[in-house]
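Working notes for the structure below.
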Ligand code: UN1
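Numbering (the numbering used here), first residue to last: 405 to 904.
The following block contains the structure:
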């Protein structure tokens, strides 16, 4: 009998008010239910937001280094639980075990990193133009956050948002993807064990329309962080903008790897396989376009195809598996449809292009690694985010054309270039319009202590992760304090002070 999971509201584990539930399935073995999670609605959201609001003042006034100590304790629990959480990620979301463990590792890293920020939440002190007056800027929390996270990094992305929100002194209502509710619950259990007070973290399970929408629309929610689809993220941006509430969105990419004629080809092929088919292509940072300079095109495609064809599909818990299933049925449908569009628009399918139903694939949502060549930059498969194991190869003549192709999409998350020419690498670094640029490395694998995010339709608002210049800018607002201890009326810009 699968375990039943609950919402966490005001320090209590509680079912949805409606009593309704949803099953969370293993995408590699769809007859296996990983857990039963609540299917909540507006009333549950309302209770959670009320709890977060009433806990806010106490949490805001808890010294930041003490908040940091709780996050440090959480990091230690994440570390203790890493194997269990990593396996659970694989079972509920499908990525292979080494990546499931990597997902859990990001939470460990983020919790330690943000714990340290408790002693570093600094602003500026500067000199006043007037005597006997001082001034400073300080970071203050924004209040109650709504945090909405996707299924592709079911532990890591919650950790990015939750740890940053907490260290800055905010309380929160966390609404995870309904495909990975068990991972989300285990994540919150760690926070509770670490000693977070009631009402500070709240967890409400459910669907986007039934929980996400009332959460972002709630008048007592001060700001929102969202990672997920462009369609939903754009609606959230518009709605919050109208209400003057701050939002940070991260909505995907159409990332590309450039390979120039002088590149280390073996390294570039390895990078393309890892970026294109790692996590079954279900990363916002996945390398879904490979832009090849004409001189190495044929040789690269041959090696790339051979390596991709050798990838073993199966249950991510099995040691021989290279590529796990897609995370759910809709993903399988979407990927299949995009592949049909690619064929119709005239791209040449050289590998894969089909749902896998043989052997180890029979029980789940598997799609074979797929490569298209002869792809034109404007084709649908080269413009839209597919979020699956489908890579489009585009041929170009030179670096200038390559950069134009990479930048010629509406997203701007990650890009990479393989070259031994230092001038070419520097030009790419300057001109690629993406939030992340990799030199001689693939498009995936950002580290948590630098900002994560991108340009154009990839997202709005401050970046995720990182510290200054990253998520601290989303989870705090600036307050400026002027203190005049002259005992008289002093007028900035008007009273001129002479040297004595
Ligand atoms: C995502 O796909 O939304 O840089 C996040 C990476 C990972 C995070 C990806 N560390 O690929």
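Cβ atoms here follow ideal geometry from the backbone N, Cα and C, with glycine treated the same way.
Distance CB(residue i)-CB(residue j) smaller than 8 Å
i: residue 889; j: residue 537; result: yes
i: residue 698; j: residue 820; result: no
i: residue 754; j: residue 709; result: yes
i: residue 773; j: residue 432; result: no
i: residue 478; j: residue 515; result: yes
i: residue 816; j: residue 781; result: no
i: residue 555; j: residue 497; result: yes
i: residue 573; j: residue 652; result: no
i: residue 846; j: residue 679; result: yes
i: residue 456; j: residue 575; result: yes
i: residue 587; j: residue 492; result: yes
i: residue 604; j: residue 570; result: yes
i: residue 863; j: residue 793; result: no
i: residue 901; j: residue 535; result: yes
i: residue 667; j: residue 824; result: yes
i: residue 803; j: residue 832; result: yes
i: residue 408; j: residue 445; result: no
For residue i, the residue or residues it bridges with in DSSP
i: residue 416; result: 413
i: residue 605; result: 576
i: residue 760; result: 770
i: residue 660; result: 693, 819
Alpha carbon of residue i to alpha carbon of residue j, nearest angstrom
i: residue 405; j: residue 609; result: 20 Å
i: residue 532; j: residue 543; result: 20 Å
i: residue 506; j: residue 490; result: 7 Å
i: residue 881; j: residue 545; result: 6 Å
i: residue 577; j: residue 620; result: 10 Å
i: residue 426; j: residue 769; result: 19 Å
i: residue 471; j: residue 694; result: 44 Å
i: residue 412; j: residue 786; result: 42 Å
i: residue 861; j: residue 513; result: 28 Å
i: residue 346; j: residue 563; result: Only positions 405 to 904 of the chain appear in this structure, which leaves residue 346 out of reach.
i: residue 912; j: residue 765; result: Any answer about residue 912 is impossible in this case: the structure gives the chain only from 405 up to 904.
i: residue 452; j: residue 414; result: 7 Å
i: residue 721; j: residue 494; result: 7 Å
i: residue 660; j: residue 602; result: 44 Å
i: residue 443; j: residue 552; result: 15 Å
Reduced DSSP secondary structure (H/G/I, E/B, other) of residue i
i: residue 842; result: strand
i: residue 595; result: helix
i: residue 882; result: strand
i: residue 408; result: strand
i: residue 435; result: strand
i: residue 890; result: coil
i: residue 860; result: strand
i: residue 791; result: coil
i: residue 468; result: helix
i: residue 571; result: helix
i: residue 848; result: coil
Residue i versus the options, residue with shortest Cα-Cα distance
i: residue 707; options: 465, 682, 722, 672; result: 672
i: residue 887; options: 480, 529, 873; result: 529
i: residue 437; options: 829, 428, 444, 570; result: 428
i: residue 748; options: 765, 779, 824; result: 779
i: residue 614; options: 598, 582, 630; result: 582
i: residue 466; options: 522, 790, 596; result: 522
i: residue 504; options: 873, 798, 827, 723; result: 723
i: residue 670; options: 719, 601, 844, 598; result: 844
i: residue 865; options: 810, 883, 630; result: 630
i: residue 734; options: 790, 718, 702, 726; result: 790
i: residue 732; options: 527, 499, 524, 442; result: 499
i: residue 557; options: 510, 525, 549; result: 510
i: residue 725; options: 682, 849, 549, 418; result: 682
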